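Novice: Protein chains in written order, with full-length UniProt numbering: chain F, 1 to 227; chain V, 1 to 227.
Cβ coordinates follow ideal geometry from the N, Cα and C atoms, glycine included.
None of the values given here were measured: they were computed from a predicted structure.
There are 2 protein chains.
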Amino acid sequence: MAENMFLYWGSGSVPCWKAMIALEEKGFSGYKNKLISFDNNEMKGEDVLKLNPRGEVPTFTDGDVVVNESGAICEYLESTYKDKGTQLIPSGTKQRALVLQRMNEAVANLMHKMLLDYLYEFMETKEEDMNPDTLARKTQTLKDELNRWNDYLGQTGAYLTGPDFTMADVYFFPFIGFGVRLGLNLNSFPNIKSYYERLSSRPSIKATWPPHWKESPGSFKPLTGKM
Amino acid sequence: MAENMFLYWGSGSVPCWKAMIALEEKGFSGYKNKLISFDNNEMKGEDVLKLNPRGEVPTFTDGDVVVNESGAICEYLESTYKDKGTQLIPSGTKQRALVLQRMNEAVANLMHKMLLDYLYEFMETKEEDMNPDTLARKTQTLKDELNRWNDYLGQTGAYLTGPDFTMADVYFFPFIGFGVRLGLNLNSFPNIKSYYERLSSRPSIKATWPPHWKESPGSFKPLTGKM
Numbered sequence: 001m002a003e004n005m006f007l008y009w010g011s012g013s014v015p016c017w018k019a020m021i022a023l024e025e026k027g028f029s030g031y032k033n034k035l036i037s038f039d040n041n042e043m044k045g046e047d048v049l050k051l052n053p054r055g056e057v058p059t060f061t062d063g064d065v066v067v068n069e070s071g072a073i074c075e076y077l078e079s080t081y082k083d084k085g086t087q088l089i090p091s092g093t094k095q096r097a098l099v100l101q102r103m104n105e106a107v108a109n110l111m112h113k114m115l116l117d118y119l120y121e122f123m124e125t126k127e128e129d130m131n132p133d134t135l136a137r138k139t140q141t142l143k144d145e146l147n148r149w150n151d152y153l154g155q156t157g158a159y160l161t162g163p164d165f166t167m168a169d170v171y172f173f174p175f176i177g178f179g180v181r182l183g184l185n186l187n188s189f190p191n192i193k194s195y196y197e198r199l200s201s202r203p204s205i206k207a208t209w210p211p212h213w214k215e216s217p218g219s220f221k222p223l224t225g226k227m
Numbered sequence: 001m002a003e004n005m006f007l008y009w010g011s012g013s014v015p016c017w018k019a020m021i022a023l024e025e026k027g028f029s030g031y032k033n034k035l036i037s038f039d040n041n042e043m044k045g046e047d048v049l050k051l052n053p054r055g056e057v058p059t060f061t062d063g064d065v066v067v068n069e070s071g072a073i074c075e076y077l078e079s080t081y082k083d084k085g086t087q088l089i090p091s092g093t094k095q096r097a098l099v100l101q102r103m104n105e106a107v108a109n110l111m112h113k114m115l116l117d118y119l120y121e122f123m124e125t126k127e128e129d130m131n132p133d134t135l136a137r138k139t140q141t142l143k144d145e146l147n148r149w150n151d152y153l154g155q156t157g158a159y160l161t162g163p164d165f166t167m168a169d170v171y172f173f174p175f176i177g178f179g180v181r182l183g184l185n186l187n188s189f190p191n192i193k194s195y196y197e198r199l200s201s202r203p204s205i206k207a208t209w210p211p212h213w214k215e216s217p218g219s220f221k222p223l224t225g226k227m
């Protein structure tokens, strides 16, 4: 089945990483793929655009089925190949409700509180040029958010929703990985820290680790010691 | 089954409306509920907080299952009660892929390009006080986005992904409804306009129309004639 699949992806993109972890977990290692360069604007290339008029990655095909948007790819894989690989969305009602909630919570909160409003701002602006009140407020918002996830992990143990790796982890881990790459210090969030360290060696995550991160250290270290 | 369900909701909230349309479509009219007041900060009341520590609505329970986050509630209802009411996520692979993609596209794009970066800004700032370049850029971004959805509807006809009402419509319609309430003029987007008018009288949507919108006209008319 993997031989009928094709993924356009970019290295270091949270949505791409998410889709790639799901592909590995569902047992589709070896799918065809093309690594596009964000620097060269290759997501706006003709090959991507004809499948995804938005010109974004991940862009994915499975035979003649086109699915874009990372969340859609993850849910498509799980619902189409329910019995293959890791079951990422549990059958039990209560557990499924929790997994769905954490998936949605991760997207709704981490994308902004962590990435768009915080880390990206540090990439654009020197810390000394930031308004100190804005900086303090945003730092507190992110701290509160990370404390919440740290507590979730304190209650559930090994993974985000219990003893099994689920789609909630697929959605959550890349945010943390990206944060750490950009200098997020996890020392104040011990449960997230040990989760991050443990999951870093999980086969699906190891296999999909953004390749350029392995070659060069992160160039942004804005948050060291700040949390 | 509806008698075991309880929803905390606020009038005029896009996420609440989404969950409520799904509840109606799945045949759960008559579920217990509490309308909270945003003005009085009731989403931070003890009853909500004990179910949803974020203090947000929609907050939902089905017996002893708690599910928060509008997307999670929608998917929980569909996966738990697959054979009840409207089938909102199709079984066919290709059609399901499209529905999942449009659901994710709506959340990823409309929440920001339409609501947070555009309409909310008009609620806070007088048009004459806005930077004209920023205003022009944001207007163009929203126009491009709406043209995209207008084209989707041009291809599919009655609903967002084809002849049947699906979860894609549940996710999309409240954004348009909210936009119109805030003054969005749909004349340049004729497919969205006729879709909006047609769906406004669909039972699930009529039954869940934000009650305070029926009592008073929208007080913001920022976009009249602008698109």
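1. Under 8 Å, do proline 210 of chain F and glycine 12 of chain F count as touching if we go by C-beta distance?
2. Can you tell me which of F:Tyr81, F:Asn150, F:Thr59, F:Gly179 puts its alpha carbon nearest to the alpha carbon of glutamine 118 of chain F?
3. Report back the beta-carbon spacing between arginine 96 of chain V and serine 79 of chain F to the nearest angstrom; my notes put them in contact at under 8 Å.
4. So which residues on chain F does arginine 96 of chain V lean against when the C-beta distance must stay under 8 Å?
5. Would DSSP call glycine 10 of chain F helix, strand or coil?
6. Using DSSP with H/G/I as helix, E/B as strand and the rest coil, what is leucine 35 of chain F?
7. Taking 8 Å as the CB-CB limit, is glycine 225 of chain V close to chain F?
8. Apply the 10 Å Cβ neighbour rule to lysine 113 of chain F and answer buried if 16 or more other Cβ atoms are within range, or exposed otherwise.
9. Can you confirm whether the segment 162–182 of chain F touches the segment 73–93 of chain F when touching is taken to mean that 3 or more C-beta pairs between the two stretches lie within less than 8 Å?
10. Apart from the five residues on each side of it in sequence, which residues of its chain come closer than 7 Å, Cβ to Cβ, to glycine 225 of chain V?
11. At a cut-off of 7 Å, is glutamate 215 of chain V close to the ligand MG when judged by its beta-carbon and the heavy atoms of the ligand?
12. Give me the Cα-Cα distance between valine 57 of chain V and methionine 130 of chain V, rounded to the nearest whole angstrom.
13. By Cβ distance, which residues of its chain are closer than 6 Å to threonine 156 of chain V, with the 5 residues on each side in sequence left out?
14. Tell me whether tyrosine 152 of chain F sits in a helix, a strand or coil according to DSSP, three-state version.
15. Going by beta carbon distance, what residues of the same chain come within less than 8 Å of lysine 94 of chain F, once the five residues before and after it are set aside?
16. Leaving out five residues before and five after glycine 63 of chain F in sequence, what residues of the same chain have Cβ atoms less than 6 Å from its Cβ?
17. So the beta strand (DSSP E) phenylalanine 60 of chain V belongs to, where does it begin and stop?
18. Any Cβ of chain V within less than 8 Å of the Cβ of asparagine 40 of chain F?
19. By Cβ distance, which residues of its chain are closer than 7 Å to leucine 77 of chain V, with the 5 residues on each side in sequence left out?
20. Going by DSSP, which residues form a beta bridge with glycine 30 of chain V?
21. So, is the C-beta of threonine 93 of chain V closer than 8 Å to a C-beta in chain F?
22. Out of F:Ala158, F:Ala207, F:Asn109, F:Cys74, state which residue places its alpha-carbon closest to the alpha-carbon of lysine 143 of chain F.
23. Please return the same chain residues whose Cβ sits closer than 8 Å to the Cβ of glutamate 145 of chain V, not counting the five positions on each side in sequence.
Specialist: According to the data block:
1. yes
2. Here residue 118 of chain F is tyrosine; the residue named in the question, glutamine, does not match the sequence. Checking every option, the nearest Cα to that of tyrosine 118 of chain F belongs to F:Gly179.
3. 6 Å
4. Tyr76, Ser79, Thr80
5. strand
6. strand
7. Caution applies to glycine 225 of chain V, whose pLDDT of 41 falls short of 50 and renders its modelled position unreliable; the value that the coordinates give is listed next. No, its Cβ sits nowhere closer than 8 Å to a Cβ of chain F.
8. buried
9. yes
10. Bear in mind that a pLDDT of 41 at glycine 225 of chain V, under 50, signals an unreliable position, so the number given afterwards is only what the model happens to contain. Closer than 7 Å at Cβ, skipping near neighbours: Asn185.
11. Because no ligand of any kind appears in the structure shown, any question about the ligand MG cannot be addressed here.
12. 31 Å
13. Gly162
14. helix
15. none
16. Asn4
17. 59–62
18. no
19. Ala22, Leu23, Lys26
20. Partner(s): none; glycine 30 of chain V has no beta bridge.
21. yes
22. F:Asn109
23. Asn109, Leu110, Lys113, Met114
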